[in-house]
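**Q** Residue numbers (this note's numbering): 168 to 240.
Below is one structure. I have some questions about it.
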């Protein structure tokens, strides 16, 4: 499991900071922002210590909504 604030380097060579994590249907999803804060974001599925970037537009939008809701709790 990752902790908020953890620093990760993804396969694209960019460093990301863990901003938030949520669990949906028993799966863990992680919201990441580049270390510099301006280069981008990534939403990934975390399984067995492996991050897989979510590219499905509709599912990505659902996850972003869930991340936002979890921040407002």
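For every residue, glycine included, the Cβ atom is placed at its ideal position computed from N, Cα and C.
By Cβ distance, which residues of its chain are closer than 8 Å to residue 192, with the 5 residues on each side in sequence left out?
**A** Residue 192 sits at position 25 when you count from the first residue of the chain shown. So the list is empty, once near-sequence residues are dropped.
**Q** Decide yes or no for the touch test of the segment 228-237 against the segment 189-207: beta carbon pairs closer than 8 Å, at least 3 of them.
**A** Yes: at least three Cβ pairs fall under 8 Å.
**Q** For residue 185, which beta-bridge partners are listed by DSSP?
**A** Residue numbering aside, residue 185 sits at position 18 when the chain shown is read from its first letter. In DSSP, residue 185 forms a bridge with 199.
**Q** By a C-beta neighbour count over all protein chains shown, 10 Å radius and 16 as the cutoff for buried, is residue 210 buried or exposed?
**A** By one-based count along the chain shown, residue 210 stands at place 43. So residue 210 ends up on the buried side.
**Q** Here's a check: name, in chain order, each residue in its chain whose Cβ is nearer than 8 Å to the Cβ of residue 172, leaving out the five neighbours to either side.
**A** One-based indexing of the chain shown puts residue 172 at position 5. Closer than 8 Å at the Cβ level, and outside the excluded window around residue 172, lie 184 and 185.
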